[in-house]
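Please read the structure below before turning to the comments.
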Amino acid sequence: MNPHGRLTEQFERQGQWLYHRRSVAIIAILPLLVLAIGFPEFPGHGWLHGTAVDHLGVACLLISFAGLALRWFTVGFVPANTSVRSTREQRAAVLNTTGMYSVVRHPLYLANSIVAMAFAAATGSLWFLLVLVAANALYIERIAAAEERFLAAAHGQAWSRWAAKTPAFIPDFSLWQPADLRFSLRTVLRREYNGVLHVTLAYFLLEAVYDLDAGHQTLSRWLVHDPLWVGLLLAGLAVHLSLRTLKRHTRQLHVGGR
-8 MNPHGRLTEQ
2 FERQGQWLYH
12 RRSVAIIAIL
22 PLLVLAIGFP
32 EFPGHGWLHG
42 TAVDHLGVAC
52 LLISFAGLAL
62 RWFTVGFVPA
72 NTSVRSTREQ
82 RAAVLNTTGM
92 YSVVRHPLYL
102 ANSIVAMAFA
112 AATGSLWFLL
122 VLVAANALYI
132 ERIAAAEERF
142 LAAAHGQAWS
152 RWAAKTPAFI
162 PDFSLWQPAD
172 LRFSLRTVLR
182 REYNGVLHVT
192 LAYFLLEAVY
202 DLDAGHQTLS
212 RWLVHDPLWV
222 GLLLAGLAVH
232 LSLRTLKRHT
242 RQLHVGGR
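With the first letter of the sequence shown counted as 1, position 252 gets the number 243 in the numbering used here; the numbers rise by one all the way through.
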């Protein structure tokens, strides 16, 4: 009996279950988020005060956009049929081993983690940040295990050789290999437009709760004196609707082989 092997198989089974129910993870964390932002007297909250909270929000927003940028940089180089964004099944006719995939096996999971951890930090709740870091590590570990099992079965020795030298989550830029294809902005715009709206909406709601509830500001005063978050939300919504319309009703964002 190989305990390590049994543990790996358990991670893979759990990851497969989570892969088909990815929205469950988000729903599960919502009660903790409500507790983190709705009860400032809770232990581990309020480690920053005054203008430092606003500065933290802006800094974390920039870090979240850095995570999105990592997604854009990754997606912009990949060919078609490398992966399918679906909770129903996994498909990958082509194994990505160049570009960001040459320095880290799971660049998209890394990018998602950056976005999520930055938002958790923006709540100003130390306990929520620590809980989300731990939960994200457990979640990603299992999802990645299931994905790697699928890729190993689909690509055999090619996957084994690539996985043996490429770290899972911490990039090693000394391994960098240029992508086989040129960067495609249209592919990024077609595939990644949801992220901008999700990030801007999340930060807008967070800042609205803090300023209107905890900060006891009126809506009109908040809109006049702190228009950044409303402006960002409107910009994110405009980007989302424009690109969604182009994707669904035109071929302008279509790129052959992508």
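We put the CB at the ideal spot given by N, CA and C, even for glycine.
All values derive from a computational prediction rather than experimental measurement.
- Distance check between V190 and each of R12, Q7, H231 and A144 places H231 closest, using alpha-carbon atoms only.
- Look at S175 here: in three-state DSSP terms it is coil, with no helix or strand label.
- For A137 and A154, the gap between their C-alpha atoms comes out near 14 Å.
- Closest in C-alpha terms to I54, from the list S165, N127 and L101, comes L101.
- Spanning the alpha carbons of A109 and A50 requires a straight line of approximately 9 Å.
- The Cβ atoms of Y194 and L223 lie closer than 8 Å to each other.
- Short of 8 Å from the beta carbon of G248, and not among the five residues preceding or following it, lie these beta carbons of its own chain, in chain order: P70, A71 and L172.
- Counting other Cβ atoms within 10 Å of its Cβ, D204 stays below 16 and is therefore classed as exposed.
- Annotated as proximal: V66 and R182, with beta-carbon spacing under 8 Å.
- Secondary structure at Q208: coil, using DSSP grouped into helix, strand and coil.
- A residue is called buried once 16 or more other Cβ atoms fall within 10 Å of its Cβ, and I131 is buried on that count.
- Under DSSP, G90 shares a beta bridge with Q168.
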